[in-house]
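See below for the structure under consideration.
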Ligand SMILES: [Zn+2]
Ligand SMILES: [Zn+2]
Ligand SMILES: [Zn+2]
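Okay, structure coming up:
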């Protein structure tokens, strides 16, 4: 019998790396840094907010009186569309390449004070529709090979504005994480003849040990190889590679699961739960990518309460990721958070 209560390594087949699990360490006392609970109640409209309807943004552009979602080009973009993709290389050691791209902002709602957990499924469905449109539009040009949609929620995750919004970065190159997941899924398809994440879902369904919640179209679980204490992955039950392949029903089901997960997160420590969340979708290069399986990652930093966070330092920076809380225990606590 494998002793899961002793330190062990778990393999992450998506990123082709190992993580160290040390279950016995959850008992250690905490005398380190504690965070402030974000208890400040936001107003429905903030005249100082550059995302609220009717307000002026940096550079003097005015936001329209939008009614549901609102998409605009980031005023301080990390990427510029007209950057030439020139490359320099010296013995493979000093290598650089120009990176053309586009950065946009997707406001979820005209309401400054809402979060995904407080929005209705119908309202979140409109956000999903906006994500689908952005994926198709930004991914279409031949020189754009990846579209990354992500949300930072909470000051702990570096969110600069509490107004509910996501960012979309479209890049000429495929970013590191997506490239690694592409390689792993492609390799698995070649070796086994099946989709890596379809097979993984089949294994997870045998025990449901790591299941958090599900509906007809999607399943949310704490991955066997999770790094963050309450990390969650949402996967489509049907094999599809990106948002543009979702049916109308599936878009609504995805909205439902985003609401369920964020509601459970907020309930877990009875406080607004910070996270980085993002969609992993097939690259938008010229290839079909039958290996790619659409999924969403939630990476929340909180460990044992609303005020104690996990730090990725020491062994994790120099060796590899490590966690104390077992993924199965995290899943159980998220399942129980709403009961
Ligand atoms: Zn606002
Ligand atoms: Zn699949
Ligand atoms: Zn992924």
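Numbering (the working numbering), first residue to last: 45 to 383. Just so you know, even glycine gets a beta-carbon here, dropped at the ideal spot from N, CA and C. Model, not experiment: these values are computed from the prediction.
Item: With a CB to CB cut of under 6 Å and the five nearest residues on each side skipped, what residues in its chain are close to residue 114?; Value: 151
Item: Is there at least one non-hydrogen atom of ligand 3 closer than 7 Å to the beta-carbon of residue 225?; Value: yes
Item: Based on Cα-Cα distance, which residue from 138, 120 and 154 lies nearest to residue 103?; Value: 120
Item: Could you name the residues, in chain order, whose CB is less than 7 Å away from a heavy atom belonging to ligand 2?; Value: 239, 241, 242, 283 and 337
Item: CB residue 230 to CB residue 328, shorter than 8 Å?; Value: no
Item: Going straight from the alpha carbon of residue 173 to that of residue 53, what length do you get?; Value: 39 Å
Item: Determine the extent of the alpha helix (DSSP H) in which residue 303 is found, giving its start and end residues.; Value: 292-312
Item: Between the C-alpha atoms of residue 168 and residue 188, what's the straight-line distance to the nearest angstrom?; Value: 27 Å
Item: Is residue 90 close to ligand 1? I mean its beta-carbon at under 7 Å from any heavy atom of the ligand.; Value: yes
Item: What do you get for residue 291, buried or exposed, if any count of 16 or more other CB atoms within 10 angstroms of its CB means buried?; Value: exposed
Item: Residue 140 bridges to which residues according to DSSP?; Value: 132
Item: Considering only the alpha carbon of each residue, which of 267, 265 and 177 lies closest to residue 288?; Value: 177
Item: Scan the region 107-131 and note each continuous beta strand (DSSP E) run of 3 residues or more that stays entirely inside, going in chain order.; Value: 114-117
Item: At a threshold of 7 Å, does residue 255 count as lining ligand 3 (C-beta to nearest heavy atom)?; Value: no
Item: Nearer than 7 Å: is that true of the beta carbon of residue 325 relative to any heavy atom of ligand 3?; Value: no
Item: Are the Cβ atoms of residue 337 and residue 321 separated by less than 8 Å?; Value: no
Item: Per DSSP, residue 353 forms a beta bridge with which residues?; Value: 346
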